[in-house]
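J.:
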Amino acid sequence: MSLTTGSGHRSLHVLTPASEKSKIADWAGGKGKNLHALSMSGFHIPSWSILGLNVFEEFRRGSGLDEHLTPLLADGRQPNARQVADEIARLIESAPLGERVTEAIALAYRRAGGGAVAVRSSGAEEDGVRHSFAGQFDSFLNVRGLDEVVSHVRRCWASGFSERSLCYRARHRLPVDAGGVAVIVQRMVPAERSGVLFTADPTTGRTDRHVVSAVHGLGEGLVSGAVDADTIVLDATTGEPLTTVVGDKQERYDAGSGPGCQVSPVADDDRAALSLTAAELARVHETGVRIAADRGAPQDIEWAIAEDTLWILQSRPVTTLAPAPAPAPEPEGELRIWDNSNIVESFSGVVSPLTYSFAADTYAKVYDSYARALGVRGERLREVREWTPHLLGHVHGRVYYNLFHWYRMVRLAPLYRLNRRVLEKSLGVAESISDETADTLHPFTPQFGLRGRLSRLARTTIFVRRFLTTRKSVETFHRDFYRAYAIFNNVDYDALPGDETYRRFRRLQRELIEKWGPMQVLDATVLLSLGLLALLTRRWLPAAPEWFTWAAAAPGGAVESAEPVWALRELAAEARADTDVLRLLEQTPDSEALQALRDAGHTRFLAAVDAYIADYGYRSPDELKLEVPDLHENPAGLFTLLRDALPATAEAGVPDRGGDADAYLDEHLRGPRRLLYERVRGKARAALADRERLRFCRTRAFGAAKRMLRALGLDLARAGAIDTRDDVFMLRLDEITGAYEGMIAHTELRDLVALRRGRLAADTALHAPSRFTTRGAPYWSGNLERAGWTNGPAAPSGARELRGTPCCPGVVEGPAVVTAAPHDISGGVLVTYRTDPGWVAALPSAAALVIERGSPLTHVAVVARELGIPTVVQVKDVTTEIRSGTRLRVDGTAGTVTVLADPPDEGTAAARHTPRTETHP
Numbered sequence: 011m012s013l014t015t016g017s018g019h020r021s022l023h024v025l026t027p028a029s030e031k032s033k034i035a036d037w038a039g040g041k042g043k044n045l046h047a048l049s050m051s052g053f054h055i056p057s058w059s060i061l062g063l064n065v066f067e068e069f070r071r072g073s074g075l076d077e078h079l080t081p082l083l084a085d086g087r088q089p090n091a092r093q094v095a096d097e098i099a100r101l102i103e104s105a106p107l108g109e110r111v112t113e114a115i116a117l118a119y120r121r122a123g124g125g126a127v128a129v130r131s132s133g134a135e136e137d138g139v140r141h142s143f144a145g146q147f148d149s150f151l152n153v154r155g156l157d158e159v160v161s162h163v164r165r166c167w168a169s170g171f172s173e174r175s176l177c178y179r180a181r182h183r184l185p186v187d188a189g190g191v192a193v194i195v196q197r198m199v200p201a202e203r204s205g206v207l208f209t210a211d212p213t214t215g216r217t218d219r220h221v222v223s224a225v226h227g228l229g230e231g232l233v234s235g236a237v238d239a240d241t242i243v244l245d246a247t248t249g250e251p252l253t254t255v256v257g258d259k260q261e262r263y264d265a266g267s268g269p270g271c272q273v274s275p276v277a278d279d280d281r282a283a284l285s286l287t288a289a290e291l292a293r294v295h296e297t298g299v300r301i302a303a304d305r306g307a308p309q310d311i312e313w314a315i316a317e318d319t320l321w322i323l324q325s326r327p328v329t330t331l332a333p334a335p336a337p338a339p340e341p342e343g344e345l346r347i348w349d350n351s352n353i354v355e356s357f358s359g360v361v362s363p364l365t366y367s368f369a370a371d372t373y374a375k376v377y378d379s380y381a382r383a384l385g386v387r388g389e390r391l392r393e394v395r396e397w398t399p400h401l402l403g404h405v406h407g408r409v410y411y412n413l414f415h416w417y418r419m420v421r422l423a424p425l426y427r428l429n430r431r432v433l434e435k436s437l438g439v440a441e442s443i444s445d446e447t448a449d450t451l452h453p454f455t456p457q458f459g460l461r462g463r464l465s466r467l468a469r470t471t472i473f474v475r476r477f478l479t480t481r482k483s484v485e486t487f488h489r490d491f492y493r494a495y496a497i498f499n500n501v502d503y504d505a506l507p508g509d510e511t512y513r514r515f516r517r518l519q520r521e522l523i524e525k526w527g528p529m530q531v532l533d534a535t536v537l538l539s540l541g542l543l544a545l546l547t548r549r550w551l552p553a554a555p556e557w558f559t560w561a562a563a564a565p566g567g568a569v570e571s572a573e574p575v576w577a578l579r580e581l582a583a584e585a586r587a588d589t590d591v592l593r594l595l596e597q598t599p600d601s602e603a604l605q606a607l608r609d610a611g612h613t614r615f616l617a618a619v620d621a622y623i624a625d626y627g628y629r630s631p632d633e634l635k636l637e638v639p640d641l642h643e644n645p646a647g648l649f650t651l652l653r654d655a656l657p658a659t660a661e662a663g664v665p666d667r668g669g670d671a672d673a674y675l676d677e678h679l680r681g682p683r684r685l686l687y688e689r690v691r692g693k694a695r696a697a698l699a700d701r702e703r704l705r706f707c708r709t710r711a712f713g714a715a716k717r718m719l720r721a722l723g724l725d726l727a728r729a730g731a732i733d734t735r736d737d738v739f740m741l742r743l744d745e746i747t748g749a750y751e752g753m754i755a756h757t758e759l760r761d762l763v764a765l766r767r768g769r770l771a772a773d774t775a776l777h778a779p780s781r782f783t784t785r786g787a788p789y790w791s792g793n794l795e796r797a798g799w800t801n802g803p804a805a806p807s808g809a810r811e812l813r814g815t816p817c818c819p820g821v822v823e824g825p826a827v828v829t830a831a832p833h834d835i836s837g838g839v840l841v842t843y844r845t846d847p848g849w850v851a852a853l854p855s856a857a858a859l860v861i862e863r864g865s866p867l868t869h870v871a872v873v874a875r876e877l878g879i880p881t882v883v884q885v886k887d888v889t890t891e892i893r894s895g896t897r898l899r900v901d902g903t904a905g906t907v908t909v910l911a912d913p914p915d916e917g918t919a920a921a922r923h924t925p926r927t928e929t930h931p
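If you use the numbering used here, the sequence shown corresponds to residues 11 to 931, in order.
1) Under the rule that 16 or more other beta-carbon atoms within 10 Å means buried, what is residue 22, buried or exposed?
2) Output needed for residue 857: all residues of its chain with C-beta closer than 7 Å, excluding positions within five of it in sequence on either side, in chain order.
3) Using DSSP with H/G/I as helix, E/B as strand and the rest coil, what is residue 738?
4) Please list, in chain order, all residues of the same chain as residue 742 whose beta carbon is under 6 Å from its beta carbon, the five residues on each side excluded.
5) Tell me, which residues are paired with residue 220 by DSSP?
6) Within the segment 25-65, note down every full alpha helix (DSSP H) run reaching 4 residues or more, in order along the chain.
7) State buried or exposed for residue 109, treating a residue as buried only when at least 16 other CB atoms are found within 10 Å of its CB.
8) Return yes when the Cβ of residue 695 is within less than 9 Å of the Cβ of residue 564, no when it is not.
9) How many Å lie between residue 937 and residue 626 at the Cα?
10) Can you tell me which of the three DSSP states residue 412 falls into?
11) Can you tell me where the alpha helix (DSSP H) holding residue 622 begins and where it ends?
12) Could you tell me the boundaries of the beta strand (DSSP E) in which residue 909 lies?
13) Any chance the segment 259-277 sits against the segment 286-302, with 3 or more Cβ pairs inside 8 Å?
14) Are residue 195 and residue 321 touching if we call contact CB-CB under 9 Å?
15) With distances taken between CB atoms, is the gap from residue 935 to residue 798 smaller than 9 Å?
16) Exposed or buried, what is residue 835 when buried is set at 16 or more other beta-carbons lying within 10 Å of its beta-carbon?
17) Alpha carbons only, please: which of 558, 556, 653 and 636 is nearest the one belonging to residue 603?
18) Below 8 Å, can you find three or more Cβ-Cβ pairs linking the segment 506-516 to the segment 718-738?
19) Report, in whole angstroms, the separation of the C-beta atoms of residue 749 and residue 759, which I expect to be a contact under 8 Å.
20) Who does residue 817 pair with in a DSSP beta bridge?
21) By how many angstroms is the C-alpha of residue 747 removed from the C-alpha of residue 753?
22) Closer than 6 Å by C-beta to residue 800: which residues in its own chain qualify, once you throw out the five before and the five after it? Chain order, please.
23) Which residue comes first and which comes last in the alpha helix (DSSP H) that contains residue 509?
24) Assuming residue 973 is part of the beta strand (DSSP E), what are its boundary residues?
25) Could you give the uninterrupted runs of the beta strand (DSSP E) lying entirely in the segment 340-403, keeping only those of 3 residues or more?
26) Bridge partners for residue 205 per DSSP, in chain order?
27) Looking at the secondary structure, which residues open and close the beta strand (DSSP E) in which residue 462 lies?
28) Could you check how far apart the C-beta atoms of residue 163 and residue 788 are, in whole angstroms? I think they sit under 8 Å.
29) For the alpha helix (DSSP H) containing residue 98, name the first residue and the last one.
30) Between the segment 405-424 and the segment 439-453, do at least 3 Cβ pairs fall closer than 8 Å?
31) For residue 138, which residues from the same chain have a beta carbon less than 7 Å from its beta carbon, with the 5 sequence-adjacent residues on both sides left out?
32) Would you call the segment 163-172 and the segment 228-243 touching, i.e. three or more CB-CB distances under 8 Å?
33) Name the DSSP beta bridge partners of residue 271, please?
34) Quick check on the burial criterion: 16 or more other C-beta atoms within 10 angstroms. Buried or exposed for residue 914?
35) Within 8 Å, do at least three Cβ pairs link the segment 389-397 to the segment 434-447?
36) Using three-state DSSP, classify residue 539 as helix, strand or coil.
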């Protein structure tokens, strides 16, 4: 928010890092806008505040200065610019400030922390992309006390009309009136070393070079040219020094007892050596790379080092660069493929550091346990543990499969060639890897000869035994899980001491999560049985439609994960039966519905609502993202879904989508082949049904963990380690563990939170590719730039027919509802980038389902088949090409989405769908 002073109808803006972005854009000036952007991105910036442009406007009006400036500025382009500038400076320094302006300056000084501050001008057009106004306005260092701050604020205002500023405007054919000057008041940093970093060579324009200039003390000696600085040219990608010139550095500038700087000699040894160590130079380079990427252009960065902290004082675009050189050749290093495929169903868009680190830790524990369940021991287990912690990657806040590791995981089970093909289908990856590459991927170093064959035989024997007893194992796990879950779930963790909640969280990891490993045999069973079913279909039913295998494998009966659908339908039917409840739900905002029901005394319906939340409260959109409240914490989401379900007609029973497959099989397959086919089909259907049961267990386990981690956030906030309980999501799991185990200081956590909140905000604005490759360290050597990480959404191509993977047969025509959230569907065609299990309850409101990402085995696709909703997944760019209101024909048999008519309000911005980069934030 913006801080304001004065009670009149016009507020004077004193801006801080907490101010709204729109206020910063309007009132902070160019340098101030850059400073705010840097602060929001989490860089170390000395505390600051800004006297907005309208503070100077108030001064001009209130002091009567305006009537003098107009005639003077009419002569500003003439040869007498010096006389004009001197006269304006005299008027600004002598004009009365007025009470409100004086209060604003005092407030800005307090907000910067008082004491010694820098007072810097921030012109309305300064630090722009075309015109930097570099050196045209004044800045003053080491200003102490309110009277001196007031005096130097006046001098900053006057510098907007200085002779050099007027001449600069004349040279660039810009308007003479400066449009005002904002003033930055910023805490002084007692710099041990200071300097400037250009993230492109300012003399040659080469963007593959960085140039660092550094001196001892404050940077005033460098900026003024009084000190001969060290100059180092770095490779922009690696940070390796290419050329080094050790400057003479005879003097250093430091803060004195009064305004300005005091000058002292530099010791001979320090003069002869570089002022920066190799580690400090690397830190400057790394920070420069991050700032340039954050700002989207080469930067001129002023920095200072004090008490081992690299402070960024300001940054502006470099405006005089030559054309960029040809791109560097692709780097060498380990090849990785990153694919978000159906992981986007669980972790959509940008996720918090805690969500990612908890998920990565969980995956590592589960698949380590899976390997042990298959008899992997000793050195081979150690090799497995080298890659299980890295099954997931976290790139610019998004979760990706580190895909090669998943092929390694599949290879733990027999029939690798068959299973990896089914893995690709079940994950929904856009393309297969080559057989040559696939053959090089092993979970551990392969053994050959008799010893290797015996090892594979032992592992296969264990797998076959678990494969044949999967149903029994699932029943046992299910019983034991809910027995343990009941203990973890029925606790008020907010009321427990933090260390007790932490101990229970560790116990949950041991008793619920680490024991999940053997159940991953079920996923292998799904892959194997589906693979065999697909193989038999290709051989015996070569003309079968593409949707057939998925329909044949549909679990049938009451899938546990579809229970929220039926429960919501019952709740909607109960609401429709009570006209008072129905009227209240239709007329009350979702966020107020629960309280309104209580106030109206609808106890029976409230009991039904409470029962739904008790049973399915963890099943909500983005349910695995720890930072997203579930229905227990925010019941408003239930009323959003309920409102969509109200017009629907309650249906009895569960449709069996396997019926379509039965009819096809009755016509085309009989005899012994049909018997064998049904045996394999039965195994696939049972395995898929069991998998959906276990996914519901996963939802509840994550829900319990979410409650615990939120309680730990409350405990850390009470201890003063973080500001609010929600700050805990900006920490990684190992950092929370470290706080309770004595491995990290509480005082470090607040800085980590601020850094990551800024980084998360910047990451959200990026367009994220769904699949890309890197070589070597992913963030280095231009990997991500080549991969297509850009700012802004992709543009539509105008395609009239899109194709995907058919999941459930049927043809539907209707208006598209392009959405990132499962509500307001009202019988339209639901078009979305991704879904998650929390969308299940909204499916009955959709006539058809079209998903850009995911696979036929994603949770929502499985349930949609059970509900008989025509569904097409993996429809590339559908959320870019289609807008809400577009009339579509969805053919779930052929896997096509056809545009029949554009939205009637085609020319308006309101008709446009949410861009793809915003559908998974």
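For every residue, glycine included, the Cβ atom is placed at its ideal position computed from N, Cα and C.
All values derive from a computational prediction rather than experimental measurement.
T.: Taking the structure as given:
1) buried
2) 822, 824, 837, 838 and 839
3) helix
4) 363 and 367
5) 244
6) 31-37 and 39-50
7) exposed
8) yes
9) With the chain represented from 11 up to 931, any question about residue 937 goes unanswered, as that position is not in the structure.
10) strand
11) 613-626
12) 906-911
13) no
14) no
15) Because the chain spans 11 through 931 in this model, residue 935 falls outside it and cannot be assessed.
16) buried
17) 653
18) yes
19) 7 Å
20) Answer is none; residue 817 lacks a bridge partner.
21) 8 Å
22) 777
23) 508-518
24) Only positions 11 to 931 of the chain appear in the structure, and residue 973 is not among them; the question remains open.
25) 345-349
26) 224 and 313
27) Residue 462 -> not in any beta strand (DSSP E); alpha helix (DSSP H) instead, spanning 459-478.
28) The pair is not a contact, with the Cβ atoms about 46 Å apart (cut-off 8 Å).
29) 91-104
30) yes
31) Any answer about residue 138 is weak, because its pLDDT of 45 lies below 50 and its placement is not dependable; what the coordinates show is given next. Cβ within range, chain order: 40.
32) no
33) 265
34) exposed
35) no
36) helix
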